[in-house]
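Just so we're aligned, residue 1 is where the sequence shown starts under full-length UniProt numbering, counting upward by one. Report on the following structure.
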Amino acid sequence: MLKIVPDPPNNPIPLQASLVAASDYALCADAIAPQAVLLQSCSSVALLIMTSKHESDALCKPLDSVVAQNEIPTSPQTLH
């Protein structure tokens, strides 16, 4: 007999891993933006690049905060 609802995925990506990956992408965008401005300094594109850098700066702070709040405990906790 076929199941109407499929089983959940076997290995979902943990929330903390997703947040760390998002933080890494934001840091990479933050590092690339100044280099892109140097290449496009005479263009109006530079304004958009600096705006993107500002937004990625603003994104990094809450991401870092959420990652710190969701740290996995190092010692296993007993379940009661």
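Heads up, the beta-carbon is just placed ideally off N, CA and C, and yes, glycines get one too.
Taking the continuous alpha helix (DSSP H) assigned at residue i, which residues delimit it?
{"i": "residue 7", "result": "Premise fails: residue 7 is in no alpha helix (DSSP H) and is neither H nor E."}
{"i": "residue 49", "result": "45-69"}
{"i": "residue 18", "result": "15-39"}
Return the Cβ separation of residue i and residue j in integer angstroms, given the expectation that the two are a contact with Cβ distance under 8 Å.
{"i": "residue 24", "j": "residue 53", "result": "Not really, about 16 Å apart at Cβ, beyond 8 Å."}
{"i": "residue 32", "j": "residue 40", "result": "Actually they do not touch by this definition, with Cβ atoms about 12 Å apart."}
For residue i, tell me which candidate among the options has the shortest Cα-Cα distance.
{"i": "residue 57", "options": "7, 27 and 21", "result": "27"}
{"i": "residue 22", "options": "64, 3 and 4", "result": "64"}
Closer than 6 Å to a non-hydrogen atom of the ligand GDP - does that hold for the CB of residue i?
{"i": "residue 32", "result": "Absent from the structure shown: the ligand GDP. Ligands present: none."}
*Is it true that the segment 43-58 meets the segment 6-21, where meeting means three or more beta-carbon pairs spaced less than 8 Å apart?*
Contact between the segment 43-58 and the segment 6-21 is not established, with fewer than three Cβ pairs separated by less than 8 Å.
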